[in-house]
Amino acid sequence: MWLDKEGIQLSFGMDVSHPDRYRVDHPYPRDWNLEILSVRTDDAGPYECHIGTHPPVTKTVHLVVAGRTKYI
């Protein structure tokens with residue numbers, strides 16, 4: 000299960016709450032990757048992956064969004 004920086008659940012297994020924004024990739028038994036589509040600067044911050052093992056495992060990753068600023 001992936002949670003965003005506000006603790007909102009983004010996924011459960013391979014199912015995502017907003018398929019237009021998120022995907023989960025599970026290429027290997029121990030890998031659960033969150034893919035964010037059309038990344039925005041407000042997506043930056045911590046994301047947590049919770050794995051329902053015994054004992055439970057939690058991994059936190061920090062997304063940094065860097066890009067160009069568009070001047071008009």
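Take the sequence shown: its letter number 28 is residue 27 in numbering that gives the first Met the number 0, and every next letter is one higher. Glycine is no exception: its CB is placed at the ideal position from the N, C-alpha and C atoms.
CB-CB length for residue i against residue j, believed under 8 Å
i, j, result
"residue 50", "residue 42", "So it is not a contact: roughly 22 Å between Cβ atoms."
Reduced DSSP category for residue i - H, G, I as helix; E, B as strand; rest coil
i, result
"residue 30", "coil"
"residue 52", "coil"
"residue 19", "coil"
"residue 3", "coil"
Reference residue i; option with closest CA among the options
i, options, result
"residue 27", "13, 19 and 40", "13"
"residue 30", "61, 0, 66 and 62", "0"
"residue 38", "2, 20, 6 and 53", "20"
"residue 63", "44, 54 and 11", "44"
"residue 7", "46, 23, 33 and 32", "46"
Residue i beta carbon near the ligand NAP (any heavy atom closer than 8 Å)
i, result
"residue 5", "The ligand content of the structure shown is nil, which means the ligand NAP is not present either."
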